[in-house]
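Novice: Be aware that the sequence shown starts at 24, since it is given in UniProt numbering, and climbs by one per residue. Where a beta carbon is used, it is the ideal one built from N, C-alpha and C, also for glycine. Remember, predicted model here, so these are calculated numbers, not experimental data. Dumping the structure here so I can ask a few things about it.
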Amino acid sequence: DGGSVVAEKQLQKTKPPQMYQVVMLNDDYTPMEFVVVVIQEFFNKDKETATQIMLKIHLDGKGVCGVYSKDVAATKVHQVQDAARQAGHPLQCLSEPVE
Ligand code: TYC
Numbered sequence: 024d025g026g027s028v029v030a031e032k033q034l035q036k037t038k039p040p041q042m043y044q045v046v047m048l049n050d051d052y053t054p055m056e057f058v059v060v061v062i063q064e065f066f067n068k069d070k071e072t073a074t075q076i077m078l079k080i081h082l083d084g085k086g087v088c089g090v091y092s093k094d095v096a097a098t099k100v101h102q103v104q105d106a107a108r109q110a111g112h113p114l115q116c117l118s119e120p121v122e
């Protein structure tokens, strides 16, 4: 009946959740190898991919390490910030909505 058509349309209208990209920023002090290890560990990249992302950040000033749901992206940012602080490096990381 009409009610179930409306219910069906409402179900189909449900949007996927907003995704967030985790962006890493360049600086003059954090060692390249540290950035590569962080990208491998927290963003599940192999060494070659992590190296390419690190070099992109180094050359362009910033780069996307991965795209996640809001809460997972926030966790990645905290993991990077904690690792950088513990190692005494100024590495900065943030998350922002995609689009
Ligand atoms: N620019 C740093 C250097 O020359 C390397 C670096 C790359 C730092 C990426 C941060 O997000 C970064 N040692």
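Taking the CB atoms as reference points, tell me whether Val45 and Gly111 lie closer together than 8 Å.
Specialist: No; because the gap between Cβ atoms is not below 8 Å, this pair is not in contact.
Novice: Note the first and the last residue of the continuous beta strand (DSSP E) segment covering Val46.
Specialist: Note, Val46: beta strand (DSSP E), Tyr43 to Leu48.
Novice: With H, G and I counted as helix, E and B as strand and the rest as coil, what does DSSP make of Val100?
Specialist: Val100 falls in the helix class under three-state DSSP.
Novice: Near the ligand TYC, which residues have their beta-carbon less than 7 Å from any of its heavy atoms, given in chain order?
Specialist: Answer in sequence order: Met47, Leu48, Asn49, Asp50, Asp51, Tyr52, Thr53, Pro54, Met55, Val58, Met77, Ile80, His81 and Leu114.
Novice: Over the uninterrupted alpha helix (DSSP H) stretch that includes residue 8, give me the two end residues.
Specialist: Nothing about residue 8 can be read from this structure; the chain reaches only from 24 to 122.
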